[in-house]
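Report on the following structure.
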Amino acid sequence: MGQRHLETPTELTIDCAAHRLEVDAAATVARAAFEHAGEMATLEYGRPAAVLGAVRLAARRTGVGEPDRDRIAATFDVDPERVVHADELLATYLSPPADADEIRSLRRTLIVAQEVLAAIERGRSAGPELPGSHLADAAPFLLARASSHLDARTDCECPGLDAAALRDHIDRLEADLELARLGTKLYGLVSTEN
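Here it is as structure tokens:
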């Protein structure tokens, strides 16, 4: 009679690697990157390095924090240089993220919009007090609308900001920020996966 192996060697998965490196929030993005170009990285550097390269790339682009090379080496039996090279190879099949200044500007605008929404939901008609801050420059039109009820052009009262419209605007800003961080190709891959 034949024997069956009770233990089968299991391949490293994106979810397992992300969990062990404590970057679970990057798993969906890592999965999309791996499904798009993981075969090429696997052929060149092996499956474990390709999976970890995808997790490393996703962690960096989502902003959850790139896993340290020493941590990768200590957690997995993989040469961290192979992981770095797999990450770089995967990146060649994806569009680059926006530059840091663009991402920072979008993040600031999003913060201002969230602060204005919080003020509106608390019943305050004025926007957040941000004199002289970098955030005040991030969304001057939004702050002006939230802070002023008198239209200088017509001397008529403006109704202020609508909370529902502002929530929609925040949703668009969050999507823009994700697009900037991930790059267009990876953003499209993640969007179609959801």
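The sequence shown begins at 611 in the working numbering and counts up by one. All residues carry an ideal CB built from backbone N, CA and C; glycine is no exception.
- Taking Ala659 as reference, the option from Leu776, Arg679 and Val633 with the minimal CA-CA separation is Arg679.
- Within the stretch 666 to 744, no run of beta strand (DSSP E) at least 3 residues long lies entirely inside it.
- Counting only the Cα atoms, Asp781 lies some 11 Å from Ala774.
- Looking only at Glu788, Val661 and Gly673, the smallest Cα-Cα distance to Val693 is reached by Val661.
- Collapsing the DSSP output to three states places Asp772 in coil.
- Contact check for Ala723 against Leu783 passes: the beta carbons are separated by less than 7 Å.
- When the alpha-carbon of Ala636 is set against those of Ala642, His646 and Ala668, the nearest one is in Ala668.
- Rounded to the nearest angstrom, the Cβ distance from Glu621 to Arg670 is 23 Å, too far for a contact under 8 Å.
- Assigned with DSSP and collapsed to three states, Thr620 falls in coil, not helix or strand.
- Per the coordinates, the alpha-carbon of Leu776 lies some 14 Å from the alpha-carbon of Arg732.
- For the 7 Å CB-CB criterion, Ala651 and Leu700 form a contact.
- Taking His695 as reference, the option from Ala684, Leu653, Asp634 and His646 with the minimal CA-CA separation is Leu653.
- The residue from Tyr655, Asp786 and Phe686 with its alpha-carbon nearest to that of Ser715 is Asp786.
- If you compare the alpha carbons of Thr794, Ala647 and Val800 with that of Ala708, the shortest gap goes to Thr794.
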